[in-house]
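Beneath this line is the structure, given in structure tokens, with notes to follow.
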Ligand code: ADP
Ligand code: MG
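In our numbering, the protein residues as written are 60 to 741.
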């Protein structure tokens, strides 16, 4: 039923509710509080003392609006209970005079201060009217996500007035045995507990029920997708022949790290089974993912297949090509590079080699998946910086061959519990350590008044022949914020402290071809400093770049800062990352975490805890967030249980056809459009 049919919801409110994603009565019921104000312990007024945070219930004995000299209008009410009286004061809220009447009983919660005697400044009030019975014991107040023109109190009022008529319409759909096993409350009870809890603990019980449901659904979908993705391969499994791979191992100029060896082992096991591989290789910048992909490619090749590595930019593709050519030259393997800027003849030569069924390693950009590029016998596809490609790109590449194995690589570390849920349809390998000999980047936090010194430090690095980056959160200055911007600072710096150096500007509004050429000149040492926005995040390995200065660091997420920092420290020299600026204590705490560790997984976990899932993946996630209630860090244990339950359900009933799963099936298909492609629902 559309919300417009509900009492108290006119066109204006319906429009505002729509902005919160609330269109039906059902949406309204599932619009759950994001926090609670605990007003369940009521104190006698006589016991209040300045500095306390307290809840009281009392009758209004007098009230009025008091103007102040500075034009502020304050609503005040004097409230009495059996023990005494106190003045309550609401600065700037004169309209309350129309809402609160003499003789009304109010529940007030707020802080007590001393102002001509004790005074309460309510954060929250509930007007119990003249009929105060039943609520005198206090209550827990729900605080809802709100939007412009629709305060949480109005939302609370709407929900409060509809709850009793809506709840009886809610049906439980999880099997009773599961609810018992997990000690979960019934859905209608859970919703009541969330909206109108008797205590915080009760609200949490309701929350757990909804969180479990969300997690269970996501795991069911992921597991199902996982099974479909790993359907038996038409061809045969690869065999570990130890020809090319052993040759490479012997000729490597370094020894593999333990994580690298482990990841290669896991990948080989996948490739040698008769199911399709669908694996994510996670590892910090510089952890050495490329070499792992090269080993996997060689396994495909020694089995007579072709392998492809796809990178998001020409520059990265070229870099992989050079690395691979260099490593493989000694064992007589010659890779092919395929990018959009290949000229006619080179393109024809590459196409010819790809069309012949001989083993081959092809490295390229998404030119690899364009029309006209055909592989004769593609056995493995590796996608580097996988988050930069859409699902459709990856699908197009795996459609090229005869159901090739798929290896995805990502330099954005994700906490394990998050990876399990977000990438439940993938197996995950992680590179947790850095290759030996790599020095951690020295990271320091400097206040604005240290600007000159910080810039002078960068200048000295440049003077020794190194290169550097200066990073800004925005391209241009604007009236709305007083953020320093790349464009203006590029001018200022190149004429000021970096005078005499070659300083280039790099940001997302510069055409891609030009950006590429700037990065190329930086790589070749023709540019000393890049003044840039986050476009350099996924960039290139310039070992000579040893210093990065980031302005307004508080404007970046921790994981993003970590990605940025990964651009330096790629060589054997000591390198530095300087965070410059003045900001509040919250940001300072966050940035201290960042400065104190070099471990991407640790940083990702902190980032996740601080910013939440939605923000962390905001840029790549389209549509509604995956979870409204569940929190992957806080609900880690629940998440693991939900995963096990999902496995058990699908093991016993892969198509969700048993009668006890009918409810799950129905709700799943109503809530998640993805369910439609995964199950034959209807
Ligand atoms: P990323 O994981 O960021 O893609 P790369 O694969 O580009 O990292 O590797 C970064 C650099 O480290 C490359 O120059 C690579 O040759 C080197 N490297 C990889 N593995 C090792 C190792 N085990 N020991 C020393 N150097 C290594
Ligand atoms: Mg890489």
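Cβ atoms here follow ideal geometry from the backbone N, Cα and C, with glycine treated the same way.
Closer than 6 Å to a non-hydrogen atom of the ligand ADP - does that hold for the CB of residue i?
i	result
residue 660	no
residue 742	Residue numbering for the chain in the displayed model covers 60 to 741; residue 742 lies beyond these limits and cannot be assessed.
residue 315	yes
residue 494	yes
residue 318	no
residue 471	no
residue 304	no
residue 31	Since the first residue shown for the chain is 60 and the last is 741, residue 31 is missing from the structure and cannot be characterised.
residue 349	yes
With residue i and residue j assumed to form a contact (beta carbons below 8 Å), what rounded beta-carbon distance in angstroms separates them?
i	j	result
residue 365	residue 300	So it is not a contact: roughly 16 Å between Cβ atoms.
residue 725	residue 232	7 Å
residue 700	residue 263	Actually they do not touch by this definition, with Cβ atoms about 16 Å apart.
residue 120	residue 127	That belief does not hold up - the Cβ atoms of residue 120 and residue 127 are roughly 23 Å apart, past 8 Å.
residue 159	residue 104	With a Cβ gap of about 17 Å, residue 159 and residue 104 do not count as contacting.
residue 586	residue 577	7 Å
residue 625	residue 592	With a Cβ gap of about 16 Å, residue 625 and residue 592 do not count as contacting.
residue 66	residue 220	7 Å
residue 620	residue 653	6 Å
residue 304	residue 361	7 Å
residue 637	residue 558	In fact, because the Cβ distance is near 20 Å, the residues do not count as touching under 8 Å.
residue 439	residue 463	5 Å
residue 687	residue 325	At roughly 34 Å, the Cβ-Cβ gap does not stay under 8 Å, so residue 687 and residue 325 are not in contact.
residue 346	residue 441	15 Å between Cβ atoms; not a contact.
Between which residues of its own chain and residue i is the CB-CB distance below 8 Å, once the five residues before and five after are set aside?
i	result
residue 415	435
residue 11	In the structure as shown, the chain begins at 60 and stops at 741. Residue 11 is therefore absent and cannot be evaluated.
residue 610	529, 530, 531, 532, 543, 548, 639 and 640
residue 225	84, 87 and 88
residue 683	Any answer about residue 683 is weak, because its pLDDT of 45 lies below 50 and its placement is not dependable; what the coordinates show is given next. Closer than 8 Å at the Cβ level, and outside the excluded window around residue 683, lie 80.
residue 156	122, 123, 124 and 134
residue 141	103
Apart from the five residues on each side of it in sequence, which residues of its chain come closer than 6 Å, Cβ to Cβ, to residue i?
i	result
residue 389	310
residue 694	270
residue 395	409, 412 and 421
residue 742	What the structure shows of the chain is the stretch from 60 to 741, and residue 742 is not part of that stretch, so it cannot be assessed.
residue 193	Here the model assigns residue 193 a pLDDT of 48, short of 50, so the residue's position is not dependable and the matter cannot be decided.
residue 72	none
residue 711	none
residue 646	613
residue 63	73
residue 674	At residue 674 the pLDDT is 46, less than 50, meaning the model places this residue with poor confidence and gives no usable figure here.
residue 339	467, 482, 485 and 487
residue 387	none
Could you pull out every residue in the same chain whose Cβ sits closer than 7 Å to the Cβ of residue i, ignoring the five residues on either side in sequence?
i	result
residue 729	none
residue 606	517, 520, 525, 527, 627, 634 and 635
residue 296	331, 332 and 333
residue 382	349
residue 148	133, 135, 178 and 180
Counting Cβ pairs, one atom from each stretch, are 3 or more of them under 8 Å apart for the stretch 529–549 and the stretch 608–622? yes
Meets three-Cβ-pair contact criterion under 8 Å: the stretch 241–251 and the stretch 260–270: yes
Quick check: the stretch 76–87 against the stretch 206–220, are there 3 or more CB pairs under 8 Å? yes
Three or more beta-carbon pairs under 8 Å between the stretch 306–324 and the stretch 492–503, yes or no? yes
Could you check whether the stretch 125–138 touches the stretch 87–103, counting it as contact only if at least three pairs of C-beta atoms, one from each stretch, sit closer than 8 Å? no
At least 3 beta-carbon pairs within less than 8 Å: the stretch 271–288 vs the stretch 702–709: yes
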